[in-house]
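**Q** Residue numbers (our numbering), protein chains in the order written: chain S, 389 to 761; chain C, 389 to 761. Quick reminder that beta carbons are idealized off the backbone N, C-alpha and C, glycines included. Only a predicted model underlies this, so the values are computations on that prediction, with no experimental measurement involved.
There are 2 protein chains.
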Amino acid sequence: MSTAIPERLLLGPGPSNVSPRVLQALTTPILGHLDPAFLQVMDETMDLLRRVFRTRNELTIPISGTGSAGMEAAIVNMVEPGESMVVAIAGYFGERIAEMARRAGAEVVPARADWGTIVDLQAVEEAVRRSGARVIAAVHVETSTGILQPLPPLVDVARRYDALLLVDAVASLGGVPLDVDELGIDVCYSASQKCLSVPPGLAPLTASARARARMAERRTKVQSWYLDLSMLQTYWGTERIYHHTAPVTMIYGLREGLRLVVEEGLEARWERHRRAAQTLWQGLQRLGLRLYVPEEQRAPTLTTVAVPVGVDDLAVRRRLLQDHNIEIAGGLGPLRGKVFRIGLMGEGSTAGNVHTFLAAFDAALRAEGWRAA
Amino acid sequence: MSTAIPERLLLGPGPSNVSPRVLQALTTPILGHLDPAFLQVMDETMDLLRRVFRTRNELTIPISGTGSAGMEAAIVNMVEPGESMVVAIAGYFGERIAEMARRAGAEVVPARADWGTIVDLQAVEEAVRRSGARVIAAVHVETSTGILQPLPPLVDVARRYDALLLVDAVASLGGVPLDVDELGIDVCYSASQKCLSVPPGLAPLTASARARARMAERRTKVQSWYLDLSMLQTYWGTERIYHHTAPVTMIYGLREGLRLVVEEGLEARWERHRRAAQTLWQGLQRLGLRLYVPEEQRAPTLTTVAVPVGVDDLAVRRRLLQDHNIEIAGGLGPLRGKVFRIGLMGEGSTAGNVHTFLAAFDAALRAEGWRAA
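Put into structure tokens, the structure is as follows:
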């Protein structure tokens, strides 16, 4: 059936490699989406998600779509047409938030930074003050550049201006320290296929009581029926009212992936990601390569490396894939051809994988004509 | 891991039971969404979808969400705010289309029929003439009632008034005769978990050249970034431009499920569904039960049976589930407590399952106090 599918070491920006336990969970017999046995699976999944997000938010569910569906759900539920929304943009995914918000009728007020740096706090505060926006959105780990945006100062701005803070944790949840309740984030979403190491297709999302109060005050219906969080809550909550047929099999997989996270322990997992990243960064520098993001702004889950002058990044990546069965990614937008993107996420974030990768990367670069300085 | 999950015979409105071959396909190693090996999986999947929809439409893809995401994709791409849309409504899912269309800013002009009957053609034509709508939407098999809406007359109206025809084939694709190109349907969407017997989570969708021309003429952006078909086409088409991370594992499962459909042959599969339904209807009538829909309007994939007077439908369904491991469903909306809904979809649509079900249903009804007339 799938004889032609190779086993890749997935070290790109996601999907990451999946544990055999998660793959096995996908073969669990299908249940109806209102079967009492499945309702229990849902309860367990929500409970595990709360532990991984570190929240007590009741509304903590997997959205039935990929990370971008989680992003769209967060946006369309929190803004109404004509409202202002400040978006901290330092890369491709910040731009995506802005684009979705515009499609939802919001007046987007961008607070921009150059790709490869974090967004300046004062730019965000100035945008909020100027626009009176009641929603601020930011990307925790910007997968297009590999920066890690510090969240506490953003929470502080949001509180002082009575704005909601939306955080994109697509490339951080499960791999980077994140405590939704302690920080005071209002809406946080992620994706199954990055640091949680579950196949792509679900977007965990959590919303605070403040966010739900804002939802209850809306004057307009949420433009997306499919992503309407109030309706989704009547299915995932105690009422169990049918909304759409839950993606049962993917939820089995997510539950198993979350169990693995909890068994490892969140702190231990964050530390594993931190250490693997340190090993990678040191190794890349030892090879003579230049990391694109200054160390104090770097995310441990996604590393950008400058493509050396005279080297064709596509040829190197093709060689890595064909000769070594290793996937990494190239740059997006203005970084196209300028950086390699190396992900160390979830199951894949180990010293062993880093060493395997460094040897293959060195060989592939040399085969494509690179000579270290 | 999943020791507590029972093996159910799924005879509700979906999900249906899944072949072991499909479950096995879900354990295929994860590939990146731009891996050449995965691009080939995508090509095969699109090719198989075209065979099952019976279309040569280039834009024939699985939407990354459940059937309702397919419905929302069809609607938000085909209407713009302020435009009229005629919706043929004869049940819960027709109402859902209308609700989504209103949220997309459309002026919905309903052509209604009583639940349990098909929509009258003249009501549709009158609504189109009166409103000048350029889009008509209809549900092929209305899963809330079990009617089968005849499509050729609707196509005829659409052509005469230069309107696009959107068809919800969620509970018909793969189980009921349907030929998108021969009929001349413009947009048709379905769901993975009904007659295709793949786990829930994907919504196959196809759009004609006429529909794509309408998309190209839009004055406004599609309100949903996630469901923007023009952008999705740049990923699924020859350009292969990243949009969102494809749900790789579910696509493996869909591909395998579609292979099973093609191996069986569409005509043979339709005939199997027809025969199983006949067996079910005769058996139910022999028990002395009343079918809710007149025979000439009945869908073979979903049957509604009147709940006998004095019988508690919930108690019967609970008994079927607990004592016999069989899932069927109750009525929705105005049919709540009034009908049972029995699905014979995909893998589950066999004479053997019908006989198993009839014996269990008879026993459960009697245990709940029913005495046949």
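Between the segment 604-626 of chain C and chain S, which residues of the former have CB atoms less than 7 angstroms from a CB of the latter, in chain order?
**A** Going along the segment 604-626 of chain C in chain order, one finds LYS609, GLN611, SER612, TRP613, TYR614 with a Cβ nearer than 7 angstroms to chain S.
**Q** Would you mind telling me which residues of chain S sit closer than 9 angstroms to C/ARG396, beta carbon to beta carbon, in chain order?
**A** Those are PRO417, ILE418, LEU419, GLY420, ASP423, ALA425, listed as they occur along chain S.
**Q** Jot down the residue ranges of each uninterrupted beta strand (DSSP E) in the segment 689-732 of chain S, minimum 3 residues, whole runs only, in chain order.
**A** Whole beta strand (DSSP E) segments, 3+ residues: 690-694, 727-731.
**Q** Could you say if the segment 408-421 of chain S and the segment 641-652 of chain S meet the contact criterion of at least three C-beta pairs nearer than 8 angstroms?
**A** Contact holds: three or more Cβ-Cβ distances are below 8 angstroms.
**Q** Among all the DSSP beta bridges, which residues are the ones paired with S/GLU460?
**A** Per DSSP, none; premise fails for S/GLU460.
**Q** Looking at the structure shown, is C/ALA595 part of a helix, part of a strand, or coil, going by DSSP?
**A** Reduced to three states, the DSSP call for C/ALA595 is strand.
**Q** Helix, strand or coil for S/ILE485 per DSSP?
**A** Helix, per DSSP.
**Q** Could you name the residues of the same chain whose beta carbon sits closer than 7 angstroms to that of S/ALA551, not counting the 5 residues immediately before and after it, in chain order?
**A** VAL516, ALA521, ARG522, VAL523, ILE524.
**Q** For chain S, check one thing: does any of its Cβ atoms lie closer than 7 angstroms to the Cβ of C/SER390?
**A** Reliability fails at C/SER390, whose pLDDT of 46 lies under 50, so the model's placement of it is uncertain and the value that follows must be treated cautiously. Yes, because at least one Cβ of chain S sits closer than 7 angstroms to the Cβ of C/SER390.
**Q** Identify the contact partners of S/ASN405 in chain C, using a Cβ-Cβ distance below 9 angstroms as the criterion.
**A** Under the 9 angstroms cutoff, chain C gives PRO417, ILE418.
**Q** Going by DSSP, name the residue or residues bridged to C/TYR577.
**A** Looking at the DSSP assignment, C/TYR577 forms a beta bridge with C/ASP556, C/LEU593.
**Q** Mind checking who C/VAL475 pairs with in its DSSP beta bridge?
**A** Paired residues: C/PRO498, C/ALA525.
**Q** Can you confirm whether the segment 439-450 of chain C touches the segment 618-629 of chain C when touching is taken to mean that 3 or more C-beta pairs between the two stretches lie within less than 8 angstroms?
**A** Counting Cβ pairs under 8 angstroms, three or more are found: they touch.
**Q** Ordered along the chain, which non-local residues of its own chain (more than five positions away) have a Cβ less than 7 angstroms from that of S/VAL695?
**A** Result list for S/VAL695: ASP701, GLY725, LYS726, VAL727, PHE728, in chain order.
**Q** State the start and end residues of the unbroken beta strand (DSSP E) segment that holds S/THR448.
**A** Per DSSP, S/THR448 belongs to the beta strand (DSSP E) from 447-451.
**Q** If you measure from the beta carbon of C/LEU708 to each beta carbon in chain S, is any gap under 7 angstroms?
**A** False, the Cβ-Cβ gap to chain S never drops below 7 angstroms.
**Q** Residues in its own chain within less than 6 angstroms of C/MET389 by CB, not counting five upstream and five downstream?
**A** Note that C/MET389 has pLDDT 44, beneath the 50 cutoff, so the model's placement of it is unreliable and the number below is only indicative. Cβ within range, chain order: n/a, list empty.
**Q** Assign C/GLN710 to one of two classes, buried (16 or more other C-beta atoms within 10 Å of its C-beta) or exposed (fewer than that).
**A** Exposed: under 16 other Cβ atoms inside 10 Å.
**Q** Mind listing the chain C neighbours of S/GLU460? Cutoff is C-beta to C-beta under 8 angstroms, in chain order.
**A** Here the neighbours are SER612, TRP613, TYR614.
**Q** For a cutoff of 7 angstroms on Cβ pairs, would you count C/HIS632 as touching chain S?
**A** Closer than 7 angstroms: yes.
**Q** State yes or no: is the C-beta of C/HIS631 nearer than 6 angstroms to some heavy atom of the ligand ZN?
**A** No copy of the ligand ZN appears in this structure; indeed no ligand is present at all.
**Q** Determine the direct distance from the alpha carbon of C/PRO688 to that of S/SER519, and round the result to whole angstroms.
**A** Cα to Cα, S/SER519 sits roughly 57 angstroms from C/PRO688.
**Q** Near C/ALA748, which residues of its chain fall below 8 angstroms by C-beta distance, leaving aside the five closest residues on each side in sequence?
**A** For C/ALA748, where only same-chain residues beyond five positions count, the Cβ hits under 8 angstroms are LEU708, ASP711, HIS712, ILE714.
**Q** List the residues of chain S whose Cβ lies closer than 9 angstroms to the Cβ of C/GLU655, in chain order.
**A** Residues of chain S passing the Cβ test: none, with the nearest at roughly 24 angstroms.
**Q** For S/LEU536, which three-state DSSP category applies?
**A** Residue state, collapsed to three classes: strand.
**Q** Given C/GLU651, which residues of its chain have a CB within under 7 angstroms of its CB, disregarding the five upstream and five downstream residues?
**A** Contacts found: none.
**Q** Cβ of C/VAL586 within 7 angstroms of Cβ of C/VAL440?
**A** Not closer than 7 angstroms, so no.
**Q** For S/ARG491, go through chain C and note every residue whose CB falls closer than 8 angstroms to its CB, in chain order.
**A** Within chain C, the residues near S/ARG491 are LYS609, VAL610, GLN611, SER612, TRP613.
**Q** Taking Cβ-Cβ distances below 7 angstroms as the criterion, which residues of the segment 715-741 of chain S are in contact with chain C?
**A** Within the segment 715-741 of chain S, the qualifying residues are GLU715.
**Q** On the criterion of 16 or more Cβ atoms from any shown chain inside 10 Å, does C/GLU659 qualify as buried, or is it exposed?
**A** Result: exposed.
**Q** Check C/LEU427 in the structure and name its three-state DSSP category.
**A** Residue state, collapsed to three classes: helix.
**Q** How about C/VAL636: is its C-beta nearer than 7 angstroms to some C-beta of chain S?
**A** Closer than 7 angstroms: yes.
**Q** List the residues of chain S whose Cβ lies closer than 9 angstroms to the Cβ of C/SER560, in chain order.
**A** Simply none; closest approach about 16 angstroms.
**Q** Contact criterion: CB-CB distance below 7 angstroms. Does S/SER532 meet it with respect to chain C?
**A** Taking Cβ atoms only, chain C never reaches closer than 7 angstroms to S/SER532, which makes this a no.
**Q** Should S/ARG613 and C/MET488 be called a contact, given that it needs their Cβ atoms to be closer than 7 angstroms?
**A** One point to set straight first is that residue 613 of chain S is Trp, not Arg, in the sequence displayed. Contact flag set, yes.
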